[in-house]
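To keep things clear, I will list the structure first and then write my remarks on it.
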Amino acid sequence: MKVNPAKYYPLIPVYAIYLIMFLIGKNMTGMWELMAMLAFYCALGQAFNIFLGMTGYVDFGYVAFMGVGTYGMALAITRLVHFKGLGIGLLIIGLCLAMVMSTLLALAVGAVALRLRGAYFAIATIGVNEGFRYLIEGAKIWNGSEGIIFFAQMNEAFGREMASALSTFWADVLVLIIAALAAFVTLHYMRSKIGYALTALREDEDAAKVMGINVTKFKIIAFITSAIFAGLLGAAAWAIKTPYVFPPEVFEIHYTIEAIIIVLLGGAGTLLGPVVGGLIYGLSKYYLAIILPGFQLLIFAPIIIIIIVLFPEGTVGMLKNRVRGTTLERYIV
Amino acid sequence: MALLRLENITKRFGGLVAVDDVSLEIQEGELIAIVGPNGAGKTTLFNVISGVFLPEEGKVFFEDKDITRLPAYKRAPLGLGRTFQIPRPFSSASVRENVAIGAMFGTLADKVSVDESLEIADHYIDLVGLQDHRNKAAGPLTPVEKKLMEIARALAMKPKLLLMDEAMAGMNPKDIDEMVQFLLRLKEEEKMSIIAMVEHIMRAVVGLAERVMVMHQGAKLVDASTTEALTDPKVIEVYLGHSEGD
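So the sequences go chain by chain: U and R.
So in my numbering, spot 30 of the first sequence is number 248, and the numbers just go up one at a time.
So in my numbering, spot 93 of the second sequence is number 616, and the numbers just go up one at a time.
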C-alpha cells in the first residue's frame, strides 16, 4: 500500500503545539503543572472528538470510560505487584487492562444505546457513569466506595524515586503521547473509508444506509476507539499521576461536560479543534482562577457562550473555512 | 432473468395502505417511468425497494435473490442506487467527497481505495457538469445542483439499477429536456436499468421511457408502453378527473 505523506501534513501543527507545550513545561520553572493540565484537556478533547466530532452523537456518560481505565491501571498494579521483575511492564499491563475494560464497557453501552438516535442516545448515556459508580459502590466491587489506594504498591513495584517520577513527570508525558496517538488515529480515520462513512452518517443517517454504509458498524468503531483513548487517559492522568481511585471522583459527569465544551470550542470533527479548544479552556480556567478567584465560572460561562455564538463551527471550524483554497488548507483539518 | 422483481408488495402505515399489492418486473437495460399523482405510493414503493421500509406482504427479488428482508446498506453493494425526492446531500462534506462516498460503498465497495473513489467521483462530477463546484461544500448548492450531485453520487455507486425519485421536479422545460437526454445516454453508456419516478411532468415521461407504470392510491393502475399508458382512459381519469357527457 502506498502512503502519501502529504495526507499527514495536518498533524504538523498539532504535534508542533504538543512539542512546544512539552518544552515550555520542561524548561520553564513552575510551568510543568500548567502544561500537564493543558495536555490533559487536549487529550480529553482529542479522544472525545473521535466520537462526538465524527459521529455527531453526544455521549454524556463518557467519563465512565476514563473511570474504568483508571480502575484497570489500579487493579493491574495492586494485583500484580507481587510478581517481581515486571518492572515497567506492569504499567503496560495496566494500560492494556484499561483498554480492554473500556472496550468491554463501550461494547455493552454501545450495543444498547447506539440503536438510539440523536437526543435519545444522549439521554440513554446520561446515567451510564452514575450507574456504574453505584454498581461499584453498592456491589462492593473493587473495594466498593472505599476505592483503591496504591501509593505503597507503586513504591514497591517501581522504587520510591521512580514512583515519584512516574506521578510527577512520566504520567504527564504519557498523556501527551496519548493525545498525539489520538490525533494520529483521528486523521487516519478521516483519510480512510471510516471517516467518509462517519461524515455521511453524521449528516444523514438514512441516506448513508441507502448508500451502502453499515452505520451501526461505523458508529461502534468510533465509539470504541474513543472509549479506548478515554480508558488510557484515565489510566495515565488519574491512576499513574495520583495513585488512588475513588468512585465518586472518576465517574464525575463534570469531565464529560468539559470534554463537550473543549470539542465545541475548538470545532467538532476537526483535527486541530480539540487542541485549540483544550488550550482555550485550560488557560482560561487556570488564569481566571488566579485573577478572579471565586468568580471564574461567572466569567467563564459568557466567554464560552460568546465563542460558540461567534463561531458555531468552533474556532478551528471557522479557521478552516477561512483558509479554504489556500496552501494552509493542507495543514488545517 | 428479471433484474428486479416485485411480487405483490403491500405496505401499510397503520390503517393507510400506501402500496397495495403491486407487482413489477424490470429487465436488464430497461428504462421505465413510474408515474402517479401525489400520494400514489411511488416514494413508498421506492423505499421498499431500497430497504428503507420493509413491506407487510410480498417479496422483492434482485437478480433472483430474495432481498425482501435485507438491510438497506446491504442492497447498495448488490447494485441498487437511488436518489431522493428532496435531495439529501452530506452537507458539510464537499461535492467531491459526497460523490466519492457513493463509489466507496456501492458495488465497488471492496475493490476501490479512497483515492480511487475520489478519481471516480471526479469523473461523474464532470459528467453531470458540476466541475466548478467540486471542492465546495454540498450544503449551500442550489436545489438543481443538489439533484445533479445526487445523481453523480448514485452513479458513482456503479449501480445495476438506478432508482430516481423525482429527478426532474422543479426544473424548467429546457433542463428537463437536457436531463432526459442525459439519462438516455447514461442508460446506454453505463449499461444500467433505470426506474424514474415522475409525478406529473409528462414531457419527461414521453421523451424518456418506453414503458410506464401508473400508480393510483397505492395500487398499480396501468403497466404498458408509454403511448398506450398515457392514452388509457383510466390514467386520464386519474389525472384530469371524470369526463362529463361521454
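Positions of the beta carbon are idealized from the N, C-alpha and C atoms, including for glycine.
Within chain U, no residue has its beta carbon less than 7 Å from that of glycine 538 of chain R; the closest one is some 24 Å off. Using a Cβ-Cβ cut-off of 9 Å, proline 600 of chain R is close to Gly430 of chain U, given in chain order. Taking a cut-off of 8 Å for Cβ pairs, the stretch 727-739 of chain R and the stretch 572-581 of chain R do not touch, as fewer than three such pairs fall below it.
Cα atoms of arginine 335 of chain U and tyrosine 275 of chain U: separation of roughly 8 Å, rounded to the nearest angstrom. By the rule that beta-carbons nearer than 7 Å mark a contact, phenylalanine 628 of chain R touches chain U. Counting other Cβ atoms within 10 Å of its Cβ, glycine 430 of chain U reaches 16 or more and is therefore classed as buried.
Contact between the stretch 476-487 of chain U and the stretch 263-275 of chain U is present, with at least three C-beta pairs closer than 8 Å.
By the CB criterion at 7 Å, alanine 454 of chain U and valine 494 of chain U fall outside the cutoff.
Closer than 7 Å to the CB of phenylalanine 569 of chain R there is not a single CB belonging to chain U. In this structure alanine 632 of chain R is in contact with proline 600 of chain R, their Cβ atoms being roughly 5 Å apart against a cut-off of 8 Å.
Taking a C-beta distance under 7 Å as the contact criterion, isoleucine 235 of chain U and methionine 253 of chain U do not qualify as a contact pair.
Short of 8 Å from the beta carbon of leucine 526 of chain R, and not among the five residues preceding or following it, lie these beta carbons of its own chain, in chain order: Ile549, Gln550, Glu551, Glu553, Phe585, Glu586, Lys683, Leu684, Ser716. For isoleucine 521 of chain U, the CB contacts under 8 Å within the same chain, skipping 5 residues up- and downstream, are Ser502 in chain order. Checking the DSSP bridge columns, you'll see leucine 603 of chain R partnered with R/Leu684. CA-to-CA, the gap between valine 299 of chain U and alanine 661 of chain R works out to about 56 Å. DSSP places arginine 676 of chain R within a helical segment (H, G or I) once states are collapsed to three. Take the alpha-carbon of threonine 417 of chain U and the one of valine 637 of chain R: they are about 14 Å apart. For histidine 646 of chain R, the three-state secondary structure derived from DSSP is helix.
The shortest CA-to-CA distance from alanine 342 of chain U to any of U/Leu353, U/Val330, U/Phe350, U/Arg351 is the one to U/Val330. Residue ranges of uninterrupted alpha helix (DSSP H) with 4 or more members, entirely inside the stretch 477-519 of chain U and ordered along the chain, are 491-509. Neighbours of lysine 427 of chain U across chain R, judged by C-beta separation under 7 Å: Ala595, Tyr596. Closest in alpha carbon position to valine 651 of chain R, among R/Ser615, R/Leu706, R/Val542, is R/Leu706. In this structure, DSSP gives lysine 582 of chain R an extended state, which the three-state scheme calls strand.
Counted as a single uninterrupted DSSP element, the beta strand (DSSP E) harbouring phenylalanine 536 of chain R occupies residues 527-536. Alanine 644 of chain R is positioned such that its CB atom lies closer than 7 Å to that of alanine 679 of chain R. Beta-bridge partners of lysine 669 of chain R (DSSP): none assigned. Listed in chain order, the positions of the stretch 630-642 of chain R with a beta carbon within less than 9 Å of a beta carbon of chain U are Thr630, Ala632, Ser636, Val637, Asp638, Ser640. Unbroken alpha helix (DSSP H) runs of no fewer than 4 residues, entirely contained in the stretch 424-456 of chain U, are found at 433-451, following chain order.
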